[in-house]
Amino acid sequence: MNEVRNYRTYHHRITDPSIRVHLQTDANSQIEQQLNEAQTLFNRQCDVTRKVMDHCISKFDEHKSVCKAFLRAQLQYYQSCVDHVEGAIQSL
């Protein structure tokens, strides 16, 4: 209640239109400044997120190619094992 009274007192003191325009201009410039700061922080966060995602994608692609090479090597190894077992069975 006290805050409302203070606001009303402050509000009624500002009767000069030029002061009101000046206060509105100050408020608008503060809002614009805050908006610009928020936009700058958002852009910075987007850049960092983009870099992290690009790094993750490149690491994923590297990991995928290493896994494929490992699976091919395992396939060759087990295929040679199967060939040896089949050869041993035929020789028996």
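Counting in my numbering, the sequence shown runs from 1359 upward without gaps.
Here a beta-carbon is modelled for each residue, glycine too, at the ideal position from N, C-alpha and C.
Which of helix, strand or coil DSSP assigns to residue i
i	result
Leu1393	helix
Leu1450	coil
Lys1417	helix
Rounded straight-line distance, which links the Cα of residue j to that of residue i
i	j	result
Asn1394	Asp1405	16 Å
Cys1414	Lys1426	18 Å
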